[in-house]
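A.B. asks: Residue numbers (the numbering used here), protein chains in the order written: chain A, 1 to 546; chain B, 547 to 635.
Don't be surprised by glycine CBs; every beta carbon is placed ideally from N, CA and C.
Got a structure for you, written out below as structure tokens; questions coming shortly.
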């Protein structure tokens with residue numbers, strides 16, 4: 001370590017370190033809001049499937065077992081409309097409960113419904129299910145910006161974020177250990193915030209480096225591929241890579257050639273398909289069965305499975321749903337270099353290889369990342385305060401208002417979307433409108449903060465966020481008829497877990513609202529984060545707040 | 547302490563330089579061509595960051611512009627030579 005520090009000192013002069021500090025701060029202030037939204041959405045995306053289950057109560061009490069899968073698929077096929085695809089969740093351990101999503105295209109309209117199987121063989125359908133988990137994921141990877149613009153933009157933000165991290169590392173390398181233990185209660189609030197920012201930054205540095213790297217690849221890999229191809233001597237490596245990726249199959253077996261016009265055909269039973277898939281890849285625990293073009297001669301069944309303990313755990317067997325002929329087998333551990341590299345960055349980013357503990361770790365680190373960007377922006381604004389004058393520049397106040405409005409507006413918007421998702425349980429509400437709820441709340445929050453003093457705006461949004469998130473478990477329990485664990489209906493542990501998480505988020509918003517208000521009343525009067533104490537005599541302090 | 551021109555040099559000339567370098571790796575890397583290609587894309591992020599850090603570290607913007615331009619020209623020349631030498635590969 002000492003040698004590393006000496007090397008850093010030799011490599012970078014104090015002049016360079018000052019320059020890097022400036023680069024670090026400017027990238028932070030330019031990209032901080034986008035990164036906050038991406039990290040907050042990303043933290044919740046760790047529980048995307050659980051959130052969807054929480055939002056769709058019809059799927060909660062599914063209890064059909066694998067032995068009932070033939071009857072279940074027959075019933076699904078009866079429900080299916082024109083040229084639909086089926087996606088059947090076999091449960092985490094591959095033995096039920098059975099839930100299915102039906103995708104159908106009829107009259108030019110795409111529709112989706114969720115069907116759950118109960119122990120008595122009865123299938124209950126939720127016709128217009130909530131996809132709030134998917135919405136949060138979209139906010140995470142594209143900020144909700146439609147088309148390719150959103151994730152391309154976030155890819156570029158990720159590259160800049162990587163540069164901010166490397167410059168931050170160079171700045172802090174000489175005093176990395178000291179930064180780690182510097183956090184303590186201090187008379188100077190700014191120092192305490194700076195120390196908290198540094199401690200979280202240092203502790204989660206490897207995580208952030210990995211995220212900057214994998215997010216760049218996830219968002220702009222196609223752009224990077226195109227750019228590389230244009231400056232290569234020959235196209236051969238790219239063409240081979242494309243061919244390899246298009247074929248998709250490797251490990252064992254090969255891909256079947258495309259057939260002509262599909263005709264109506266009798267499907268093999270799903271139990272038989274699962275048996276064939278398990279024979280082809282005994283290492284996998286099968287957790288999902290999807291059909292494309294069910295009921296036709298071109299129908300393809302993909303059985304997905306997990307190999308626990310593998311760093312890249314997901315595998316799949318693709319077969320003909322009519323004949324059972326195996327098209328391709330993808331098994332973790334048997335992959336060639338290209339496939340391993342193609343999968344590695346995705347799983348590193350998604351953190352789906354280490355079970356619940358890793359998922360919770362990613363969730364906490366994601367929230368800590370959000371705090372890092374929020375605190376970084378607040379510190380930047382505070383540092384630029386003109387200390388000897390009362391009136392601060394308008395732009396400083398504007399940046400403070402936008403930071404607070406967009407960051408906290410995203411938190412409130414997500415809470416509002418979750419609440420809206422549960423509103424479909426109310427009588428008379430026939431359509432999920434969580435997407436609209438998110439964007440209306442998000443922009444309304446920014447507008448509100450632009451009209452208010454930054455601290456008052458922040459406190460308002462934080463209190464509203466706390467109320468929204470605390471309301472979520474209450475709404476969940478009320479709308480599901482308080483059946484959890486009562487009346488013979490078993491509690492759904494996934495929904496209970498999500499309720500606890502929302503409760504914890506709500507409580508932390510409440511605590512942050514109190515801390516922000518306290519900070520506003522005890523700070524220096526010419527700070528943008530100062531509000532006059534409402535209990536103080538009028539005129540005793542600067543009444544700059546509204 | 548202005549470093550705008552260095553940043554600009556890093557972005558304008560450093561970005562194509564990154565793709566030229568990783569393109570060479572994709573062409574001549576040690577593994578099979580498709581693995582070389584995806585590995586090259588992996589390398590593009592750290593290579594770009596290294597070039598940016600290098601450019602930002604220059605005290606003179608002129609040095610940053612000229613050195614990066616020279617590196618770009620050398621690699622472009624190399625790539626064109628290879629295209630002429632192995633046009634059908």
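Would you mind telling me which residues of chain A sit closer than 8 Å to residue 608 (chain B), beta carbon to beta carbon, in chain order?
C.D. replies: Neighbours of residue 608 (chain B) on chain A: none; closest Cβ ~16 Å, over 8 Å.
A.B. asks: From residue 402 (chain A) to residue 453 (chain A), what distance separates their C-alpha atoms?
C.D. replies: About 11 Å.
A.B. asks: Starting from residue 573 (chain B), trace the alpha helix (DSSP H) in both directions and tell me its first and last residue.
C.D. replies: Run containing residue 573 (chain B): 560–574, per the alpha helix (DSSP H) assignment.
A.B. asks: Extract the residue ranges of the beta strand (DSSP E) inside the region 5–74 of chain A, only unbroken runs of 3 or more that lie entirely within it.
C.D. replies: None, since the region 5–74 of chain A contains no complete beta strand (DSSP E) of that length.
A.B. asks: Which of the three DSSP states is assigned to residue 322 (chain A) in this structure?
C.D. replies: If DSSP states are grouped into helix, strand and coil, residue 322 (chain A) belongs with coil.
A.B. asks: Which residues in chain B have a C-beta closer than 9 Å to the C-beta of residue 38 (chain A)? List them in chain order.
C.D. replies: Simply none; closest approach about 17 Å.
A.B. asks: Among all the DSSP beta bridges, which residues are the ones paired with residue 303 (chain A)?
C.D. replies: Answer is A:289 and A:317, bridged to residue 303 (chain A).
A.B. asks: Please name the residue, chosen from A:36, A:469, A:181 and A:410, that lies closest to residue 371 (chain A) on a Cα-to-Cα basis.
C.D. replies: For residue 371 (chain A), the nearest C-alpha among the options comes from A:36.
A.B. asks: Residues in the same chain with beta-carbon distance under 6 Å from residue 252 (chain A), minus the five sequence neighbours each way, listed in chain order, please.
C.D. replies: At residue 252 (chain A), the pLDDT of 43 sits below 50, so the modelled position is not reliable; the number obtained from the coordinates is stated separately. Answer for residue 252 (chain A): 329, listed in chain order.
A.B. asks: Taking the alpha carbon of residue 211 (chain A) as the reference point, which residue from A:158, A:373 and A:41 has its own alpha carbon closest?
C.D. replies: Answer by Cα proximity: A:158.
A.B. asks: If you follow the alpha helix (DSSP H) that residue 88 (chain A) is part of, which residue opens it and which one closes it?
C.D. replies: Note, residue 88 (chain A): premise wrong, no alpha helix (DSSP H); beta strand (DSSP E) at 85–89.
A.B. asks: Cβ of residue 168 (chain A) less than 7 Å from any chain B Cβ?
C.D. replies: No, residue 168 (chain A) lies away from the interface with chain B (no Cβ there is under 7 Å from its Cβ).
A.B. asks: Following the continuous alpha helix (DSSP H) through residue 370 (chain A), name the residue where it begins and the one where it ends.
C.D. replies: Segment 355–383, the alpha helix (DSSP H) holding residue 370 (chain A).
A.B. asks: What residue range is occupied by the uninterrupted alpha helix (DSSP H) comprising residue 401 (chain A)?
C.D. replies: It spans 394–423 - the alpha helix (DSSP H) in which residue 401 (chain A) sits, taken as one unbroken run.
A.B. asks: For residue 611 (chain B), which residues in the same chain have their Cβ closer than 6 Å to its Cβ, ignoring the five residues on either side in sequence?
C.D. replies: The answer, listed in chain order, is 555.
A.B. asks: Measuring only the C-alpha atoms, how far is residue 258 (chain A) from residue 273 (chain A)?
C.D. replies: Annotation note: pLDDT 48 at residue 258 (chain A) (below 50); position unreliable, no value reported.
A.B. asks: Does the beta-carbon distance from residue 590 (chain B) to residue 224 (chain A) come in below 7 Å?
C.D. replies: Yes. Within cutoff.
A.B. asks: Report the residue ranges of all alpha helix (DSSP H) runs contained in full by the region 178–225 of chain A; include only those spanning at least 4 residues, in chain order.
C.D. replies: Complete alpha helix (DSSP H) runs here, min 4: 189–203.
A.B. asks: Quick one: what's residue 446 (chain A) bridged to in DSSP?
C.D. replies: Looking at the DSSP assignment, residue 446 (chain A) forms no beta bridge with any residue, so it has no partner.
A.B. asks: With a threshold of 7 Å on Cβ separation, who are the neighbours of residue 408 (chain A) within its own chain once the five nearest residues in sequence on each side are excluded?
C.D. replies: The answer, listed in chain order, is 445, 458, 461, 462 and 465.
A.B. asks: With a cut-off of 7 Å, does the C-beta of residue 173 (chain A) fall near any C-beta of chain B?
C.D. replies: Chain B contact via Cβ: absent.
A.B. asks: So which of A:201, A:175 and A:349 has the shortest CA-CA distance to residue 217 (chain A)?
C.D. replies: Residue A:349 is the option with its Cα nearest to residue 217 (chain A).
A.B. asks: Do residue 581 (chain B) and residue 337 (chain A) have their C-beta atoms closer together than 7 Å?
C.D. replies: Going by C-beta atoms, residue 581 (chain B) is nearer than 7 Å to residue 337 (chain A).
A.B. asks: Would you tell me roughly how many angstroms separate the C-alpha atoms of residue 563 (chain A) and residue 132 (chain A), rounded to the nearest one?
C.D. replies: Examination of residue 563 (chain A) is not possible in this model, given that chain A is present from 1 through 546 alone.
A.B. asks: Which residues share a DSSP beta bridge with residue 103 (chain A)?
C.D. replies: According to DSSP, which records beta bridges pairwise, residue 103 (chain A) is partnered with A:85 and A:112.
A.B. asks: What are the residues of the region 583–599 of chain B that lie near chain A, defined by any Cβ-Cβ distance shorter than 9 Å?
C.D. replies: So the close ones are 583, 584, 585, 586, 587, 588, 590, 591, 592, 594, 595, 596, 598 and 599.
A.B. asks: Closer than 6 Å by C-beta to residue 413 (chain A): which residues in its own chain qualify, once you throw out the five before and the five after it? Chain order, please.
C.D. replies: So the list reads 438, 441 and 442, once near-sequence residues are dropped.
A.B. asks: Give every residue of the same chain whose Cβ lies closer than 6 Å to the Cβ of residue 404 (chain A), excluding the five residues on either side of it in the sequence, and list them in chain order.
C.D. replies: The answer, listed in chain order, is 449, 454, 457 and 458.
A.B. asks: Go ahead and label residue 595 (chain B) buried or exposed: buried means 16 or more other beta carbons lie within 10 angstroms of its beta carbon, across all protein chains shown.
C.D. replies: Per the 10 Å Cβ criterion, buried.
A.B. asks: Given residue 302 (chain A), which residues of its chain have a CB within under 6 Å of its CB, disregarding the five upstream and five downstream residues?
C.D. replies: Cβ within range, chain order: 290, 316 and 318.
A.B. asks: For residue 366 (chain A) and residue 472 (chain A), what's the separation of their Cα atoms in angstroms?
C.D. replies: Using only the alpha carbons, I get a separation of about 21 Å.
A.B. asks: Excluding five sequence neighbours on each side, which residues of the same chain lie with their C-beta closer than 7 Å to the C-beta of residue 597 (chain B)?
C.D. replies: Same-chain partners within the cutoff: 556, 560, 563 and 564.
A.B. asks: Between residue 613 (chain B) and chain A, is there a C-beta pair that is closer than 7 Å?
C.D. replies: Cβ-Cβ to chain A under 7 Å: no for residue 613 (chain B).
A.B. asks: Could you check how far apart the C-beta atoms of residue 44 (chain A) and residue 145 (chain A) are, in whole angstroms? I think they sit under 8 Å.
C.D. replies: Actually they do not touch by this definition, with Cβ atoms about 18 Å apart.
A.B. asks: Since residue 170 (chain A) contacts residue 12 (chain A) with CB under 8 Å, what's their CB separation in whole angstroms?
C.D. replies: Right, their Cβ atoms sit about 6 Å apart.
A.B. asks: Contact defined as beta carbons within less than 8 Å: I believe residue 263 (chain A) pairs with residue 296 (chain A). What is the distance between those atoms, to the nearest angstrom?
C.D. replies: Yes, residue 263 (chain A) and residue 296 (chain A) are in contact; Cβ-Cβ is about 7 Å, under 8 Å.
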